[in-house]
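In the numbering used here, the protein residues as written are 30 to 281.
Note that the Cβ used here is the ideal one computed from N, Cα and C, for glycine as well.
In this text the structure is predicted, and so the values were computed from the model without any measurement.
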């Protein structure tokens with residue numbers, strides 16, 4: 030399940046009309062979110078302005094991901110394991126059974142609200158076509174995600190990321206700014222750690238029904254570990270997607 034950036038205006042709406050299972054799952058996700066948000070899911074999915082807000086796009090994407098999994102299962106597709114990238118791991122945890130639907134809604138809605146209120150406007154991120162170990166990073170910029178052998182995301186201060194992008198472009202390296210104005214998976218998240226621990230205190234993780242591969246640790250994670258601290262780490266720490274996939278493939 031992907032992180033932020035995979036969304037588009039109208040996503041899921043055609044599927045909801047074509048497949049009742051998907052439509053019912055989307056409506057169920059909307060009801061779960063209602064306790065934590067002041068917008069309507071179906072309206073948000075078709076509204077470009079709403080989807081430009083981090084506190085809308087992350088919960089909306091989560092709802093589509095969870096509903097897609099419900100649709101796939103209705104076709105007889107049963108996963109042998111589930112993995113999510115960054116915020117996509119919240120959907121993965123729900124699909125795997127480690128979080129209830131309501132707890133998944135709580136995590137994605139309240140965490141993204143804190144991002145929007147406390148971190149938005151203060152950071153930047155970029156995707157770079159180089160190995161993480163080959164990057165010469167300026168102060169205030171760090172590796173946010175390692176997606177593959179030559180696919181790295183960096184995150185940090187606005188000026189630092191802008192300067193790095195300009196330098197890499199001049200060197201002929203593939204680099205692209207990510208359309209966010211905050212710095213996930215960086216030291217910026219430390220400023221909201223305690224607030225996040227507070228708003229997520231009510232969640233009750235549980236045993237999974239499918240194996241859940243963690244992009245926080247790069248290894249399998251037990252459902253009992255998916256408490257508030259885990260979801261703070263999921264936002265603060267480097268996304269170890271490459272390690273997670275390599276580990277899964279190594280198990281055959």
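| Asked | Found |
| --- | --- |
| Boundaries (first-last residue) of the alpha helix (DSSP H) holding residue 226 | 222-228 |
| The region 67-75 touching the region 95-102, judged by at least three CB pairs closer than 8 Å | no |
| Neighbourhood of residue 51 by C-beta, 6 Å cutoff - its chain only, sequence neighbours within 5 removed | 44, 45, 96 and 100 |
| Whole-angstrom distance between residue 49 and residue 57, CA atom to CA atom | 12 Å |
| Contacts around residue 159, its chain only, beta-carbon distance under 7 Å, and the 5 residues preceding and following it disregarded | 179, 181 and 202 |
| Cβ neighbours of residue 41 in the same chain (closer than 7 Å, five flanking residues each side left out) | 55, 74, 93 and 96 |
| Alpha-carbon spacing of residue 230 relative to residue 256, whole angstroms | 8 Å |
| Through-space distance from residue 146 to residue 128, alpha-carbon basis | 25 Å |
| Proximity to residue 274 [Cα-Cα], best of 107, 108 and 113 | 113 |
| Minimum length 3: unbroken beta strand (DSSP E) runs contained in the region 169-223 | 170-177, 180-185 and 204-206 |
| Nearest-angstrom beta carbon gap, residue 193 and residue 175 [assumed within contact, 8 Å] | About 16 Å; that fails the 8 Å criterion. |
| Option nearest residue 88 by Cα separation, candidates 36, 106, 261 and 109 | 36 |
| Outcome for residue 278 when other beta-carbon atoms lying within 10 angstroms are tallied against a minimum of 16 | exposed |
| Touch test, the region 247-263 against the region 116-132, Cβ-Cβ under 8 Å, three pairs minimum | yes |
| Runs of alpha helix (DSSP H) lying entirely within the region 90-170, each at least 4 residues, in chain order | 117-125 and 130-143 |
| Where residue 42 falls: helix, strand or coil (DSSP) | helix |
| Rounded distance between the beta-carbons of residue 232 and residue 132, thought under 8 Å | 4 Å |
| Whole-angstrom distance between residue 53 and residue 126, CA atom to CA atom | 18 Å |
| Residue from 248, 226 and 108 whose Cα sits closest to the Cα of residue 271 | 248 |
| Best match in 106, 212 and 33 for proximity to residue 266 [C-alpha to C-alpha] | 212 |
| Element boundaries [alpha helix (DSSP H), containing residue 274] | 270-279 |
| Distance between residue 251 and residue 292 (C-alpha atoms, nearest Å) | An answer regarding residue 292 cannot be provided, because it is not within the stretch 30 to 281 covered by the chain. |
| Alpha-carbon to alpha-carbon, residue 260 and residue 136 | 8 Å |
| Same chain, Cβ closer than 7 Å to residue 167, five either side skipped, listed in chain order | 189, 192 and 193 |
| For residue 241, the residue or residues it bridges with in DSSP | 111 |
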